[in-house]
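So the sequence lines, in the order shown, correspond to chains V and E.
Mapped onto the working numbering, the consecutive letters of the first sequence carry residue numbers 11 to 436.
Mapped onto the working numbering, the consecutive letters of the second sequence carry residue numbers 11 to 436.
Cβ coordinates follow ideal geometry from the N, Cα and C atoms, glycine included.
Read through the structure below, which is laid out as structure tokens, and then see the notes.
Protein chains: 2
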Amino acid sequence: MVPHLTTALTGPILDLEQRIIDAMPRIEHWFRTQWVEHAPPIYGSVDLRNAGFKLAPVDMNLFPGGFNNLNPDFHPLCVQATQAALEKACPDASNLLLIPENHTRNSFYLQNVAALRYILQQAGLNVRLGSLSEEITQPTSLALPDGKELLLEPLRREGNRVKLEGFDPCIVLLNNDLSAGIPGILDGIEQNLLPPLHAGWSTRKKTNHFSAYDQVAAEFAKLLDIDQWLINPYFERCDQINFQERLGEQCLAEKVDSLLTRIRAKYQEYGIQEQPYVIVKANSGTYGMGVMSVKDASEVIGLNRKQRNKMSVIKEGQEVHEVIVQEGVHTFESLQDAVAEPVVYMIDRYVVGGFYRVHTGRGPDENLNAPGMHFEPLAFETACSLPDCGAEPDYLPNRFYAYGVVARLALLAASLEIEQTTPQNN
Amino acid sequence: MVPHLTTALTGPILDLEQRIIDAMPRIEHWFRTQWVEHAPPIYGSVDLRNAGFKLAPVDMNLFPGGFNNLNPDFHPLCVQATQAALEKACPDASNLLLIPENHTRNSFYLQNVAALRYILQQAGLNVRLGSLSEEITQPTSLALPDGKELLLEPLRREGNRVKLEGFDPCIVLLNNDLSAGIPGILDGIEQNLLPPLHAGWSTRKKTNHFSAYDQVAAEFAKLLDIDQWLINPYFERCDQINFQERLGEQCLAEKVDSLLTRIRAKYQEYGIQEQPYVIVKANSGTYGMGVMSVKDASEVIGLNRKQRNKMSVIKEGQEVHEVIVQEGVHTFESLQDAVAEPVVYMIDRYVVGGFYRVHTGRGPDENLNAPGMHFEPLAFETACSLPDCGAEPDYLPNRFYAYGVVARLALLAASLEIEQTTPQNN
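Structure follows, in structure tokens:
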């Protein structure tokens, strides 16, 4: 059984959560009309922060890597959502090519691929794994901790199609975030490629996502008649950064300062005693690389070598030239003194589960998705779709419903973002 | 927790079930393409019989009445399926009018309505209950066993819309099978009425359903390269029956005889030792009224008064003028000597759960849905969507997957049936 997150979840449902629960039919209706206008991404995961006074997404991953951390009780939900997604994307599909990340030695990640493969197979697809890695020149079997294995096969291009030996897929599903750039072998293929190439981190920018989220949050806040700041972290952007050469420090300090000033004003408005902070992170990329937590503008001036190194390079050795400066959202949730950050998983428009990233030895104002930091995943115990308006205020499914709503706002923002960033010549 | 159905389910997965599991991706692909051509009914339940050598639907209910018997663990599946259905049927809907049966004193049925209302509400709808009963002339509160209540309100017609006081629904969901006829108040309404009026038992005929099932079963059998008899019970029809006046007995005896002859031939072909039997039941209607089990044609000649009374009237006092004579399928499943019949529930195209109708004091060749007979519902313990090809042959989810497949064949037949019986002037 999944353990209770006692410390994280015994608090009463907060005013904001209660408003979300009370407005449930209106919210679901609003989402339905939104999804008619905007196709959701095939899947996604959202990192949330619950500060008590504020519940907001801080990151949106379009290539989710933790399907193995979901409660297996939710697998039927994942399968059903996948079937619904397939029906729209490609009802005629029977072969799906799954392209994972290249880091084949990370057994946590491999378990994610196995879990994802399982879900896709249960939805009735023939699934095979194709690798972008140059090291995979022939079918290569990788052992999983449970004794099963994954067979990685080399991709090959034939005309406008990408294939494996004896396998011609109708759908190509990326679970590789393309941090290293768009691989030529996938460029211009005629198959249904999900998510699209421009959703990969070689072109995607967090500031585009959070600009789209501004639109979504504003509309949702109007629907609920709330201050959109309660669900939306402020952010700014700095271009032309070069941490090694100390270029852009001044811009960074200015943006940090203006953001802290705006946050301070909001904290004053709501009588919040916490200390404001901001997160500076690479505008593209994932895995918590290139991230720092800042409480004063002076901290970003004159970084030492270690800090500069940490900030200047992200996954796949890509250099950082742009950063997002994002309002830090304190985390209200903890488990036995460890900070707990909820991560919500979605397939198509459906919330299919989630887990807590539980991090010992980290403060409530730090980044929980840091490189090399091991976190304990704690699967959500209940689904996110069953609020009970009449229930006690600390009824667990009600908190999870609110989390599912805010996660879907970020998913909707991702839809807008993908639309708005579609290359012109496509 | 839901108890294990030990006796019912410890047997090994049978050859037919194994073939279904092995063909899973092909089956799911086939269903996807079928649903592109044929819209599934909004919901339905299917009574299955597993004879070991044969697994077949024996009844298909388009107004399912046992949502309260499903495992609550599956509620998220029900909610998600409802959301998918709404998205297609009426993404703009926020108000749903649910029209239940008129028998307001049956507390089992009221619990079904409450469970259904809960699912619809969790999918984000404002749900109110409108009654077709002449007794409901003002809002009437009915107490449920758990202390909650249902508020039944009188329907009213305004122009081409049906409404409640202060409530204008976009969707009208029938959970009333219209055995008493099509109510004028619903005729020609402009709202989305689901299922359509002609799916009600005042016009629906079981033989139309099983004719459509013949088409579906033939195509599916071809896909799996099996004898379609393994999933399809033979049937015949007799018109111009009047049990009270002993009209039509001869036709009945002939059909019973020819059916038994055909079944006997199949039993011989497959080396089956059981005694063949047929079920004679009203061609329209539900609740197991007007049903008899027959092992020889002579049994339908010269019925005594009690038998004639039993056969001649079904629900709402409707007289029986047509019957379906259907091959009886032995039930292989039992629980502590009680016969167990699986019932599978679907919303839109998705299997969302099921339960066993467990009937003490009934033989494996009798009707388990008889009037006045109380059955024990036993919710399925796992979902129907997670087969495991590599698992042990008695792995529970594999049996349930096969049940879900055959139930969906009946659902697809219902889609065809509804298409084929749509009134010409609509």
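Query, Result
"Are any of the Cβ atoms in chain V nearer than 8 Å to that of V182 (chain E)?", "no"
"Contact check, A209 (chain V) vs L72 (chain V) under 8 Å by CB: the rounded distance?", "5 Å"
"Here's the rule: buried if 16 or more other CB atoms are within 10 angstroms of the residue's CB, otherwise exposed. What is H85 (chain E)?", "buried"
"Give a yes or no on whether 8 Å exceeds the smallest Cβ distance from R42 (chain E) to chain V.", "yes"
"When you compare each of V:R214, V:P164, V:T213 to I195 (chain V) by their alpha carbons, which one comes out closest?", "V:P164"
"Could you please give me the residues that DSSP links to L108 (chain E) through a beta bridge?", "E:L139, E:L183"
"Give me the DSSP bridge partner(s) of V290 (chain E).", "E:M302, E:V335"
"Excluding five sequence neighbours on each side, which residues of the same chain lie with their C-beta closer than 8 Å to the C-beta of K158 (chain E)?", "A124"
"Within a Cβ cutoff of 6 Å, which residues of the same chain sit near S151 (chain V), ignoring the five residues on either side of it in sequence?", "E159, L161"
"What are the residues in the stretch 123 to 156 of chain E lying within 8 Å of chain V by C-beta distance?", "Q131, Q132, A133, G134, L135, N136"
"In the stretch 100 to 125 of chain E, which residues sit with their C-beta less than 7 Å from some C-beta in chain V, listed in chain order?", "P101, D102, S104"
"Could you give the distance in angstroms between the alpha-carbon of R214 (chain V) and the alpha-carbon of S141 (chain V)?", "22 Å"
"Would you call the stretch 352 to 369 of chain E in contact with the stretch 44 to 57 of chain E, where contact means no fewer than 3 C-beta pairs closer than 8 Å?", "yes"
"Counting contacts by CB-CB distance shorter than 8 Å, is P35 (chain E) in contact with chain V?", "yes"
"Using a C-beta to C-beta distance shorter than 9 Å, which residues of chain V count as neighbours of W211 (chain E)?", "The premise fails here: W211 (chain E) is roughly 30 Å from chain V at the closest Cβ pair, so nothing lies under 9 Å."
"According to the neighbour-count rule (16 or more other Cβ atoms, all chains shown, within 10 Å of its Cβ), is N116 (chain E) buried or exposed?", "exposed"
"Is it buried or exposed for D69 (chain E), if we count other Cβ within 10 angstroms and need 16 for buried?", "buried"
"Which first and last residues belong to the alpha helix (DSSP H) in which A125 (chain V) is found?", "117 to 132"
"Name the chain V residues that come within less than 7 Å of H39 (chain E), Cβ to Cβ?", "S104, G134"
"Below 8 Å, how does it come out for the stretch 182 to 202 of chain V and the stretch 253 to 267 of chain V: are there three or more Cβ pairs, yes or no?", "no"
"Below 8 Å CB to CB, which residues in the same chain sit around E429 (chain E) once its five sequence neighbours on both sides are set aside?", "H48"
"Please determine, among E:W239, E:S104, E:N122, E:G62, the residue with the shortest C-alpha to C-alpha distance to N81 (chain E).", "E:N122"
"Do A66 (chain V) and P286 (chain V) count as a contact pair if the criterion is CB distance below 8 Å?", "no"
"Under 8 Å Cβ to Cβ from W239 (chain E), same chain only, skipping five residues before and after it: list those, please.", "K64, K276"
"Listed from N- to C-terminal order along the chain, which residues in the stretch 290 to 318 of chain E have their beta-carbon within a distance smaller than 9 Å of any beta-carbon of chain V?", "none"
"Please list the partners that A424 (chain E) has in chain V, where partner means a Cβ-to-Cβ separation under 7 Å.", "Chain V residues near A424 (chain E): none, gap ~18 Å exceeds 7 Å."
"Going by C-alpha distance, which of V:V182, V:V415, V:E246, V:Q254 is nearest C100 (chain V)?", "V:V182"
"Under 8 Å, do P51 (chain E) and A424 (chain E) count as touching if we go by C-beta distance?", "yes"
"Take R274 (chain V) and list the residues in its own chain whose beta-carbon comes closer than 6 Å to its own, dropping the five residues that flank it on each side.", "P286"
"Flag A91 (chain V) as yes if its beta-carbon sits less than 8 Å from any beta-carbon of chain E, otherwise no.", "yes"
"Does the stretch 168 to 175 of chain V come within contact of the stretch 197 to 206 of chain V, defined as at least 3 CB pairs closer than 8 Å?", "yes"
"Within this structure, are the beta carbons of G363 (chain V) and I324 (chain V) separated by less than 8 Å?", "no"
"Please compile the residues from chain V whose C-beta is within a distance smaller than 7 Å of the C-beta of A94 (chain E).", "A94"
"Report the residue ranges of all beta strand (DSSP E) runs contained in full by the stretch 176 to 239 of chain E; include only those spanning at least 3 residues, in chain order.", "181 to 184, 202 to 204"
"Counting only Cβ pairs nearer than 8 Å, list the residues of chain E close to D83 (chain V).", "D83"
"Checking 8 Å against the spacing of the C-beta atoms, do Q254 (chain E) and R318 (chain E) come in under that value?", "yes"
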